[in-house]
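Q: Residue numbers (our numbering), protein chains in the order written: chain H, 1 to 605; chain Y, 1001 to 1185.
For glycine and all other residues, C-beta sits at the position ideal for the given N, C-alpha and C.
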């Protein structure tokens, strides 16, 4: 009963006399019921077993309207963003083109190539990333949504003559998405190949139609050769010939790639500043525009273009201002003179890609330095001492009229004596070189000898006649230079190539040489490094031995010491700030060679 | 589903729906050609289910939202019709009940092709595992087992050496570009 009472709640309950109510109703339910129950038998009545009398009657339930509420579930509103990327048909055409036979004769890559099995390289994934300063979402998504380079290359059947390294794919991905970029890889890492392959891909993607590549004159043929190797399907035109022919070539429609040298820019200045426009201008050896007041720099900056890339292993040859000048071509105003190294590093981080061999080429053959400390011959010593004493006295006597040019002339004179005695021709260096070359030739190897002076090269050549030396310097006509290199490479009897730093320090690929001799030293270690890296490149058969000739107790030793200190400073600062400080000798350094006081600061290259 | 849209018989679709704990569900749809190069990309703004939807759809909410709403909208936006649609989100398989396009779910191990910031939503999906393709497990809508046959027979022509999970990495990055708030700080 308690239970029943509980269920019935407030509308039901026992009466005070103990009988149940005769009618109950539920406030919430649409029916009513009534019954008649006599009280429970108690006392003696229960003892005689008399049943309780219950009478019930059922009433019809009242008809009730059931009302319902419809809850509408709203469809979620889906807002979308849509982007189209029209595909260039060129990709499909490339996929059908026949690649050049791999490793064919004469197709020696100047850029380092991987010996790794293709499957290993294919496993790496290189994604194209949008540059940080790219704002438009559609443009950013275009790059984000590109497949990994390895997939693209494989699917489009863009076979390479030689398998690139993963770091080279990284370089291509870096350039692909950038309108302004410096590829500043250390010499020998394949900047040429990376630039050409990116150009190839951008042409296929219809992102580019006209490209102008500007390089030093001696490197034009090298670039043509490299284009043939890495992008055989792309027509390349070298701007050359008389004025009429050049004008025709500049204006010729449908030429995807034009190659011009820096000197030519001067001559065709008016044409370049006319209606010509290029989707991309690449400056190779971009340190050529490090002086922003030079005509070359001015003309390069004036070329109408979409993208601007600079290739250089030494974005800073002397001072951070060199980099400011290169950026004046890439993105005027992005860098300013007087910025701290840290500020400069931050501002350029997304625009510069620099890798060094020790970081990316673990399989690079070792480079062994051997400093040959020599003693002057008696004839040289006598001449040297007289020249130095006389020279220093003269400089000291000049007082306020003393300029850096005067000091510089003395340095040059003393360096030349360290090479050869001007009267007798005696040379401690040449004696040593002859001895070393005997071993080189006997083992069937080849060597490159670098000197700063053509006269010295000629003298060395005469003495080394038995090794059939070849000469490569500024006085060799540029059209003959390629044949000199071919002869050196192919003729096993040609053991020595004599090169000047000026002509032979950039862009050449002589990785079949295992010996390099620096007969005299250049002013700037970056240039020396460039020279050494002609031979120390991937593809070299083995280690490269670099012999740096140095005459003890002379100006050469003093210069060497200053340069080594600078190199150490460079290494320390470049690692921290990402940009190196001055590398070459400045005015104070040169005056310091003779313990002279510096008048007014003025740097030299 | 419209059939008037263009198709070059090699266009592939990759569709994913990801869940951001705060922003909601977001979908991305990438159409690529045979070289895996992008042709179209569509993505949704984040969608959050209402309280009523959550209660009333119960465990089927994710399938409803990801497949029938988000994926369906994305597919309807595309100008090109893919030959086959790959997804890494099991919930998208429910779209197959509303679409004629064969759909294959590429099952990924946790973390592969996924993103810490935009994980795949859990789903009470109706998929059945049917086989392996290019090294990945394939699941199709149980009511459309013929999708597997369709793709398997054309695998050489359509897929070559394509990594079926790789495009989802691109889509997730694109979603994060489009919705920077979805990137973890």
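#1: In the DSSP assignment, the alpha helix (DSSP H) including residue 326 of chain H goes from what residue to what residue?
#2: For the alpha helix (DSSP H) holding residue 406 of chain H, just list the boundary residues, first then last.
#3: Which same chain residues, not among the five before or five after residue 1130 of chain Y, have their C-beta less than 6 Å away from its C-beta?
#4: Consider the Cβ of residue 1225 of chain Y: report whether some Cβ of chain H lies at a distance smaller than 7 Å.
#5: From the DSSP output, in three-state form, read off residue 1216 of chain Y for me.
#6: Are residue 411 of chain H and residue 299 of chain H closer than 7 Å when you measure CB to CB?
#7: Is the distance from the Cβ of residue 1182 of chain Y to the Cβ of residue 1074 of chain Y below 7 Å?
#8: Apart from the five residues on each side of it in sequence, which residues of its chain come closer than 7 Å, Cβ to Cβ, to residue 403 of chain H?
#9: Per the DSSP calculation, residue 309 of chain H is bridged to which residue(s)?
#10: I want to see whether chain H comes within less than 7 Å of residue 1086 of chain Y, judged by CB atoms only; does it?
#11: Tell me which same chain residues have a C-beta within less than 7 Å of the C-beta of residue 198 of chain H, skipping the five on either side of it?
#12: Assuming residue 1121 of chain Y and residue 1066 of chain Y make a contact with CB atoms under 8 Å, what is their CB distance in whole Å?
#13: May I have the straight-line CA-CA distance separating residue 1038 of chain Y from residue 1170 of chain Y, to the nearest angstrom?
#14: Name the chain Y residues that come within less than 8 Å of residue 148 of chain H, Cβ to Cβ?
#15: Within its chain, find whatever has a CB closer than 7 Å to the CB of residue 119 of chain H; leave out the 5 residues flanking it on each side and keep chain order.
#16: Where residue 264 of chain H and residue 483 of chain H are concerned, what is the direct C-alpha to C-alpha distance, given to the nearest angstrom?
#17: According to DSSP, what are the bridge partners of residue 1042 of chain Y?
#18: When the Cα atoms are used, what is the spatial distance from residue 396 of chain H to residue 329 of chain H?
#19: What does residue 1047 of chain Y reach in chain H if we use C-beta pairs closer than 9 Å?
#20: Please tell me whether residue 435 of chain H has its Cβ less than 7 Å away from any Cβ of chain Y.
#21: Please check if any C-beta of chain Y sits within less than 7 Å of the C-beta of residue 355 of chain H.
#22: In whole angstroms, what is the alpha-carbon distance linking residue 487 of chain H and residue 1086 of chain Y?
#23: Hey, residue 1026 of chain Y and residue 1046 of chain Y: beta-carbon distance below 7 Å or not?
#24: In whole angstroms, give me the CA-to-CA distance for residue 310 of chain H and residue 1081 of chain Y.
#25: As an exercise, report each continuous alpha helix (DSSP H) stretch of at least 4 residues that is fully enclosed by the stretch 1056–1118 of chain Y, in chain order.
#26: Out of H/258, H/388 and H/448, which has the shortest C-alpha to C-alpha gap to residue 553 of chain H?
#27: Where does residue 371 of chain H sit, in a helix, a strand or coil, going by DSSP?
#28: For the structure I just gave you, are there three or more beta carbon pairs, one from the stretch 336–345 of chain H and one from the stretch 511–528 of chain H, closer than 8 Å?
#29: On the premise that residue 1040 of chain Y lies in contact with residue 1071 of chain Y, defined as a C-beta separation below 8 Å, what is that separation, rounded to the nearest angstrom?
#30: Are at least three pairs of beta-carbons, each pair with one atom in the stretch 265–277 of chain H and one in the stretch 217–235 of chain H, less than 8 Å apart?
#31: State the beta-bridge partners of residue 517 of chain H as determined by DSSP.
#32: Determine the DSSP secondary structure at residue 1183 of chain Y, reduced to helix, strand or coil.
#33: By the criterion of Cβ-Cβ separation under 9 Å, what are the contact partners of residue 156 of chain H in chain Y?
#34: Are the beta-carbon atoms belonging to residue 525 of chain H and residue 563 of chain H less than 7 Å from one another?
#35: Taking Cβ-Cβ distances shorter than 8 Å, what residues in chain H pair up with residue 1020 of chain Y?
#36: Flag this pair as yes or no: are the beta carbons of residue 470 of chain H and residue 497 of chain H separated by less than 7 Å?
A: In brief:
#1: 321–330
#2: 404–419
#3: 1138, 1140 and 1148
#4: Since the first and last residues shown for chain Y are 1001 and 1185, residue 1225 of chain Y lies out of range.
#5: As shown, chain Y starts at 1001 and ends at 1185. That puts residue 1216 of chain Y outside it, with no answer to give.
#6: no
#7: no
#8: none
#9: H/181 and H/282
#10: no
#11: 172, 175 and 176
#12: 6 Å
#13: 10 Å
#14: 1166
#15: The predicted position of residue 119 of chain H is uncertain, since its pLDDT is 40 and thus under 50; no value can be drawn from it.
#16: 23 Å
#17: H/82 and Y/1029
#18: 43 Å
#19: 76, 77, 78 and 79
#20: no
#21: no
#22: 58 Å
#23: yes
#24: 42 Å
#25: 1072–1077
#26: H/388
#27: strand
#28: no
#29: The Cβ separation is near 15 Å, so there is no contact.
#30: no
#31: H/449 and H/547
#32: coil
#33: 1035 and 1037
#34: yes
#35: Per Cβ cutoff of 8 Å: no residues; residue 1020 of chain Y is ~15 Å from chain H at best.
#36: yes
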